[in-house]
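Participant:
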Amino acid sequence: MKKIILLASLTLIFASCSRSSDNTNEIIVDPVVETPILPTKISGSWGVKTIKYNGNKLSEMMGSDSKTVFEYSGDIITKIKSYNTKGIEIETVDFVYSNGKLTNVSYNATNNKKTFVYSYPDANTVVKTKVRNYTFAGESMTDKEDVTYTLKNGNIVSEEMVYYHNNKLYGNISATYTYDDKNNEYKNVLGFDKIKVYLFADLKDYVGSGSNNNLLTKSLTNITVAGETSKYKDVYSNSYSSSDYPIQIISKQYGTNNQQQGDTITDFFEYGK
């Protein structure tokens, strides 16, 4: 009986030691955290812009004649400041949100002030009222735009605008947009998705399109109160990296006669992690 008890005790001891040894040799592997792909340099027809980040928050964008600095509160962009080559502040943009959505934007520059008010009737519609106050030839001027954007898959696919000058109706604009199914260059920049309607219409030339994907075409018709009609179409030819981000975008504009008007615009994109 004593032998049986002794054998049982030894068995428990060896089993315990074996488990302890197994735990000691266990390898713990940390989960892989994927570093987001972010644009670091844009060059081409509009010069060269270099971009710096704090994590995936955009901190500054430097061009040949200006520097733009981005400020955040948590994960949202609250202010954009631009400076000339002498370091003098030349414009500021302030963003206000409600329930995670952009509601107000204030733009201030010398002799040029703009206010934007946004509302969201439904998940795929954004309504914007833009008012611009400025001075021309010593006289105060006011321009106003009432715009309705329609979204699909996170992209602005159409817009309807009625515009005024000094409180008089001047005309209306209709535009439609088509997209590829690839990644927009700013897809991984924190906070850009919240201000896409502002980026798309009012900061596109410097920062980039505020869309989920990349533009293929833009078709616009402008009809004035005098009955004058003008039309044009922008066509974008895009080349992509192996990760489906644009590395080159070539854009051309065509008039009503389908003849190219203006210069061909080319942009090249470089990325970092």
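According to mature numbering (1 follows the signal peptide of the UniProt record, and there is no 0), the stretch in the sequence shown is residues -21 to -1, 1 to 252, in order. Backbone N, C-alpha and C define an ideal beta-carbon position, used for all residues, glycine too.
#1: Pairing CB atoms from the segment 84 to 103 with CB atoms from the segment 113 to 121, are three or more of them under 8 Å?
#2: Contact defined as beta carbons within less than 8 Å: I believe T208 pairs with T196. What is the distance between those atoms, to the nearest angstrom?
#3: In the DSSP assignment, find the beta strand (DSSP E) that holds K252 and state where it starts and stops.
#4: Using DSSP with H/G/I as helix, E/B as strand and the rest coil, what is A154?
#5: By the three-class DSSP mapping on this structure, what secondary structure does K175 have?
#6: Within 10 Å of its beta-carbon, does L148 have 16 or more other beta-carbons around it, so buried, or fewer, so exposed?
#7: Check the C-beta distance from K161 over to D223 and give it rounded, since I have them as a contact under 8 Å.
#8: Which residues does DSSP list as the beta-bridge partners of G26?
#9: Measuring straight from C-alpha to C-alpha, what distance separates A154 and I16?
#10: Start and end of the beta strand (DSSP E) containing V106?
#11: What three-state label does DSSP hand A88 in the structure shown?
#12: Give me the Cα-Cα distance between S190 and E50, rounded to the nearest whole angstrom.
#13: For a test of the three-state rule: what should DSSP assign to D181, helix, strand or coil?
#14: Go to V214, then tell me how far its beta strand (DSSP E) extends in each direction, as first and last residue.
#15: Does the segment 164 to 183 come close enough to the segment 42 to 60 that 3 or more CB-CB pairs lie under 8 Å?
#16: Could you please give the first and the last residue of the uninterrupted beta strand (DSSP E) stretch that includes S52?
#17: Near A(-7), which residues of its chain fall below 8 Å by C-beta distance, leaving aside the five closest residues on each side in sequence?
#18: Would you mind giving the Cβ-Cβ distance between S61 and E70, rounded to the nearest angstrom? I have them listed as a contact below 8 Å.
#19: Give me, in chain order, the residues of the same chain whose beta-carbon lies closer than 7 Å to that of E164; leave out the 5 immediate sequence neighbours on both sides.
#20: In whole angstroms, what separates the C-alpha of E118 from that of N145?
#21: Taking all protein chains shown into account, do 16 or more other C-beta atoms lie within 10 angstroms of the C-beta of D242, making it buried, or fewer, making it exposed?
#22: The ligand FAD heavy atoms versus the CB of L195: any closer than 6 Å?
#23: How about S218 and Q227: are their beta carbons less than 7 Å apart?
#24: Residues in the same chain with beta-carbon distance under 7 Å from S216, minus the five sequence neighbours each way, listed in chain order, please.
#25: In chain order, what residues of the same chain have a beta carbon less than 6 Å from the beta carbon of K252, not counting five sequence neighbours either side?
#26: For K20, which of M40, G34 and N35 has the nearest alpha-carbon?
#27: Quick one: what's got a C-beta closer than 8 Å to Y99's C-beta in the same chain, skipping five residues either side?
Facilitator: Put simply:
#1: yes
#2: Contact flag wrong, Cβ pair sits at about 19 Å.
#3: That residue, K252, is in no beta strand (DSSP E); it is neither H nor E in DSSP.
#4: strand
#5: helix
#6: exposed
#7: 4 Å
#8: G23
#9: 31 Å
#10: T104 to F115
#11: strand
#12: 21 Å
#13: helix
#14: T208 to Y219
#15: yes
#16: S45 to S52
#17: Residue placement at A(-7) cannot be trusted, given a pLDDT of 46 that sits under 50; the coordinates are not used to answer.
#18: 5 Å
#19: P18, G187, Y224, P225 and F248
#20: 11 Å
#21: exposed
#22: Ligands displayed in this structure: none; no statement on the ligand FAD is therefore possible.
#23: yes
#24: I229
#25: T14
#26: M40
#27: K80, V105 and V106
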